[in-house]
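>
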Amino acid sequence: MKCSFGIRTAGILVLSIALSVVADDWPQWRGPQRNGVSQETGLLKEWPKDGPKLIWKITDAGSGYSTRAVVKGQLYLLGNAGLDDEFVQALAVKDGRKRASLRARVGWRSGLCRERHGQTALEKESPH
Numbered sequence: 002m003k004c005s006f007g008i009r010t011a012g013i014l015v016l017s018i019a020l021s022v023v024a025d026d027w028p029q030w031r032g033p034q035r036n037g038v039s040q041e042t043g044l045l046k047e048w049p050k051d052g053p054k055l056i057w058k059i060t061d062a063g064s065g066y067s068t069r070a071v072v073k074g075q076l077y078l079l080g081n082a083g084l085d086d087e088f089v090q091a092l093a094v095k096d097g098r099k100r101a102s103l104r105a106r107v108g109w110r111s112g113l114c115r116e117r118h119g120q121t122a123l124e125k126e127s128p129h
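Everything in the sequence shown is counted per the numbering used here, starting at 2 for the first residue and increasing by one.
#1: With distances taken Cα to Cα, identify the nearest neighbour of S64 among Q90, T42, P53.
#2: Considering only the alpha carbon of each residue, which of S67, V71, K99, Q75 lies closest to E87?
#3: Give me the residue from R104, S39, V94 with the minimum Cα distance to D25.
#4: Which partner residues does S64 have in the DSSP bridge list?
#5: Alpha carbon to alpha carbon, how far is K95 from K73?
#6: Could you tell me which residues DSSP puts in a beta bridge with L92?
#7: Identify whether V71 lies in helix, strand or coil by the three-state DSSP scheme.
#8: Distance, Cα to Cα, W48 vs L55?
#9: Only counting the same chain, and skipping five residues up and downstream in sequence, which positions put a Cβ closer than 8 Å to that of W57?
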């Protein structure tokens with residue numbers, strides 16, 4: 002099957018635009034390259050004495066064994082409220098407003114993370 006130059010060019014253009022949109026996201030564990038390093042520019046060279054200004058916070062994330070993911074202005078996280086009530090939440094990055102919450106039918110019953118490390122992923126600070 003022949004593919005015209007125009008169709009190939011359009012496909013490459015669409016793919017490059019899609020990749021550039023995703024470049025600023027943090028879509029998986031430890032970031033786009035899974036190395037825990039952000040390519041974000043314009044960050045502070047030094048933190049203020051009292052730390053950065055708190056923009057928003059949440060108190061109902063529960064505990065969980067996951068990392069946060071950021072895609073197209075949405076923050077996704079996995080949490081739980083007890084062993085049988087695991088959920089995924091989507092929050093707006095700019096203001097923390099809950100956009101969606103989906104309950105998972107099966108909770109994670111192992112407790113292995115807490116036994117080995119004493120904390121869940123949501124309780125730990127990010128290394129970067």
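Where a beta carbon is used, it is the ideal one built from N, C-alpha and C, also for glycine.
Note that the structure is predicted; figures quoted are calculated from it, not measured.
This is what the structure gives:
#1: Q90
#2: S67
#3: S39
#4: N81
#5: 11 Å
#6: L76, K99
#7: strand
#8: 13 Å
#9: D96, G97
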